[in-house]
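Trainee: If you count the sequence shown from 1, position 36 lands on 115 in my numbering, and the numbers rise without skipping. Using N, Cα and C, we set each Cβ at its ideal position, and we do this for glycine too. Here the structure is a predicted model, which is why all the values come from computation and not from measurement. Handing you this structure, nothing more for now.
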Amino acid sequence: MSKVKRTHGKDKEIIEVDLDPYDIFHDPLLNKGTGFTDEERTELGLHGLIPFHVSSIEEQVKRRYANFCSKQTGIDKYKFLSHLQDRNETLFYRLCSEHPEEMLPYIYTPTVGDASLNFSYLYNQNRGVYLSYPHRDRMEEIINNIPRERVDVIVVTDGARILGLGDLGVGGMAIPVGKLSLYSLFGGVHPAYTLPITLDVGTNNKNLLNDPLYLGWPHARLGGKEYDDFIESFVQAITKRYPNVLIQWEDFSKKQAQPILDRYRDKVCCFNDDIQGTAGVVVAGILAAIKGMNGDIKEQRIVLFGAGSAGIGIAELITQAMIQEGMTREA
Numbered sequence: 080m081s082k083v084k085r086t087h088g089k090d091k092e093i094i095e096v097d098l099d100p101y102d103i104f105h106d107p108l109l110n111k112g113t114g115f116t117d118e119e120r121t122e123l124g125l126h127g128l129i130p131f132h133v134s135s136i137e138e139q140v141k142r143r144y145a146n147f148c149s150k151q152t153g154i155d156k157y158k159f160l161s162h163l164q165d166r167n168e169t170l171f172y173r174l175c176s177e178h179p180e181e182m183l184p185y186i187y188t189p190t191v192g193d194a195s196l197n198f199s200y201l202y203n204q205n206r207g208v209y210l211s212y213p214h215r216d217r218m219e220e221i222i223n224n225i226p227r228e229r230v231d232v233i234v235v236t237d238g239a240r241i242l243g244l245g246d247l248g249v250g251g252m253a254i255p256v257g258k259l260s261l262y263s264l265f266g267g268v269h270p271a272y273t274l275p276i277t278l279d280v281g282t283n284n285k286n287l288l289n290d291p292l293y294l295g296w297p298h299a300r301l302g303g304k305e306y307d308d309f310i311e312s313f314v315q316a317i318t319k320r321y322p323n324v325l326i327q328w329e330d331f332s333k334k335q336a337q338p339i340l341d342r343y344r345d346k347v348c349c350f351n352d353d354i355q356g357t358a359g360v361v362v363a364g365i366l367a368a369i370k371g372m373n374g375d376i377k378e379q380r381i382v383l384f385g386a387g388s389a390g391i392g393i394a395e396l397i398t399q400a401m402i403q404e405g406m407t408r409e410a
């Protein structure tokens, strides 16, 4: 039974906990650092475990912002924000919401690429779930062990095509973590109800396979029936535990991305960000530009450079937009 109960009132969230002080301090969704009030410190047994002063959230943000500004490199700023998120999510999101333009490059692109490349060396504290092929027969058991009674949004990757960097194996976990942070920061998705997942099916990156400090499964990347069966096991187990969850497929290879989407799009609530998300934004921009010049999409000639997952998705959605305006696919 969960030791944390969340209820939502009209104006605030009420959290009831049955945890010792150590567990509270090490739960980033509960920890308030020096922000715990005197009453909370008494009730939760926190007196003496943190300094006397009760800090307002404004004071905490000011302190952390000064720390952030003292970091000299992009990866150091990324590490600072990552460690803050692992300790105190409320403070992390407050800091980022007050300084979004400064924080965004270190929450996601471009710095998340460096974080993915160096994942095994930067790893500090677990965030998310790693489902590895050698444990395929324990899939349901592992998913049932996830300490979340409710999950609304999952971003899942197999690490095969991370940004423009290629196959990074479990290093791809930095992408789901970053994406979900953006969804909470700008989309209002409660971080308690998000879950980043990496499907570790090996890697073909020789540098990772030859690195004794690589944290993933040191095996050539799987394909074919073994891969498909593993994906099926994941979908079956995760939707059994969380039947109403939204699954976002993220940074899969072109070879796997479209077949996975085709296989599951009518069975579970899911989408592929590279194929559908990017296409939606691009086509929205095209339609807005055409409207601004009083044009007609049927009269446009559009050239795409490259035929990756995003390019194919964009081409398909442009085609659908043209069909909606009266053209045929053959035209």
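Any chance you could list the alpha helix (DSSP H) runs of at least 4 consecutive residues sitting entirely within the stretch 182-247, in chain order?
Mentor: 190-196, 198-201 and 218-223
Trainee: When the Cα of C348 is compared with those of V324, C175, I376 and P184, which residue comes out closest?
Mentor: Here residue 348 refers to the residue found at position 269 of the sequence shown. By alpha-carbon distance to C348, the top candidate from V324, C175, I376 and P184 is V324.
Trainee: Just list the residues that DSSP pairs W328 with in beta bridges.
Mentor: Reading the sequence shown from its first residue, position 249 is the one you call residue 328. Paired residues: V235 and N351.
Trainee: Looking at G251: is its Cβ nearer than 7 Å to the Cβ of G238?
Mentor: To locate residue 251, count along the sequence shown from 1; it is residue 172. To locate residue 238, count along the sequence shown from 1; it is residue 159. Cβ atoms of G251 and G238: closer than 7 Å.
Trainee: Let me know if T121 comes out buried or exposed under the rule of 16 or more other beta-carbons within 10 Å of its beta-carbon.
Mentor: The sequence position of residue 121 within the sequence shown is 42, counting from 1. Exposed, by the Cβ-count rule.
Trainee: Using CA coordinates, which residue listed in I310, A389 and E177 is at the minimum distance from V140?
Mentor: Taking the sequence shown and counting its residues from 1, one reaches residue 140 at position 61. Among I310, A389 and E177, the Cα nearest to that of V140 belongs to E177.
Trainee: Out of D99, N223, P275 and V191, which has the shortest C-alpha to C-alpha gap to D32?
Mentor: In the structure as shown, the chain starts at 80 and stops at 410, and residue 32 therefore has no counterpart that could be examined.
Trainee: So for V96, helix, strand or coil by DSSP?
Mentor: Taking the sequence shown and counting its residues from 1, one reaches residue 96 at position 17. Three-state result, V96: strand.
Trainee: So, are the CB atoms of L301 and V280 less than 7 Å apart?
Mentor: In the sequence shown, counting from the first residue as 1, residue 301 sits at position 222. In the sequence shown, counting from the first residue as 1, residue 280 sits at position 201. Yes, these two residues count as a Cβ contact at 7 Å.
Trainee: Would you say the stretch 144-161 touches the stretch 194-204, given that touching needs at least three Cβ pairs under 8 Å?
Mentor: For the pair of segments examined, the stretch 144-161 was found to touch the stretch 194-204: the number of CB pairs separated by less than 8 Å reaches three.
Trainee: Looking at the secondary structure, which residues open and close the alpha helix (DSSP H) in which P338 lies?
Mentor: Numbered from 1 along the sequence shown, position 259 holds the residue referred to as residue 338. That run of the alpha helix (DSSP H) goes K333 to Y343.
Trainee: Return the chain-ordered ranges of every alpha helix (DSSP H) run that is complete within the stretch 99-176 and spans a minimum of 4 residues.
Mentor: Entirely contained in the stretch 99-176, the alpha helix (DSSP H) runs reaching 4 residues are, in chain order, 100-104, 117-123, 136-149 and 153-166.
Trainee: Taking the DSSP output, what are the residues bridged to I276?
Mentor: Along the sequence shown, read from residue 1 onward, the residue named residue 276 stands at position 197. According to DSSP, which records beta bridges pairwise, I276 is partnered with V208 and V235.
Trainee: Let me check understanding here. Comparing Cα to Cα, which of L340, E404 and E220 lies closest to A316?
Mentor: Here the question's residue 316 lines up with position 237 in the sequence shown. Closest option to A316, Cα to Cα, is E220.
Trainee: Can you tell me whether F131 is buried or exposed? The criterion is at least 16 other CB atoms within 10 Å of its CB, across all chains shown.
Mentor: Numbered from 1 along the sequence shown, position 52 holds the residue referred to as residue 131. By the neighbour-count rule (16 or more Cβ atoms within 10 Å), F131 is not buried but exposed.
Trainee: From the DSSP output, read off the bridge partner residues of K319.
Mentor: Here residue 319 is taken as the residue at index 240 of the sequence shown, counted from 1. According to DSSP, which records beta bridges pairwise, K319 is partnered with nothing at all.
Trainee: Are the stretch 162-177 and the stretch 94-108 in contact at 8 Å, needing three or more beta carbon pairs?
Mentor: Touching, yes.
Trainee: On the DSSP letters alone, give me the boundaries of the alpha helix (DSSP H) that T407 sits inside.
Mentor: Translated into positions along the sequence shown, residue 407 becomes position 328. It is not in any alpha helix (DSSP H) - T407 carries neither H nor E in the DSSP assignment.
Trainee: Going along the chain, which residues of its own chain have a beta-carbon closer than 7 Å to the beta-carbon of V361, five neighbours each way excluded?
Mentor: Sequence index remark: in the sequence shown, residue 361 carries index 282 (1-based). Excluding sequence neighbours, V361 sits near I393.
Trainee: With a threshold of 7 Å between beta-carbons, can A358 be considered close to chain B, or not?
Mentor: Absence of chain B from the displayed structure is noted, only one protein chain being present.
Trainee: Taking only the alpha-carbon atoms, compute the straight-line gap between R408 and F313 and give it to the nearest angstrom.
Mentor: Counting from one through the sequence shown, the residue named residue 408 turns up at place 329. Counting from one through the sequence shown, the residue named residue 313 turns up at place 234. Cα to Cα, R408 sits roughly 35 Å from F313.
Trainee: I need the boundaries of the alpha helix (DSSP H) containing L287, first residue and last residue.
Mentor: For the purposes of this step, residue 287 is identified with residue 208 of the sequence shown, where counting begins at 1. Under the DSSP assignment, L287 falls in the alpha helix (DSSP H) whose first and last residues are K285 to L288.
Trainee: Buried or exposed for C148, going by 16 or more other Cβ atoms inside 10 Å?
Mentor: Taking the sequence shown and counting its residues from 1, the one referred to as residue 148 is at position 69. C148 is exposed by the Cβ-count criterion.
Trainee: For M80, which residues of its own chain have a beta-carbon under 7 Å away from its beta-carbon, when the five flanking residues on both sides are left out?
Mentor: Residue 80 sits at position 1 when you count from the first residue of the sequence shown. At M80 the pLDDT is 41, less than 50, meaning the model places this residue with poor confidence; the figure from the coordinates comes in the next sentence. If we look at M80 and ignore the five residues flanking it on each side, it has no Cβ neighbours.
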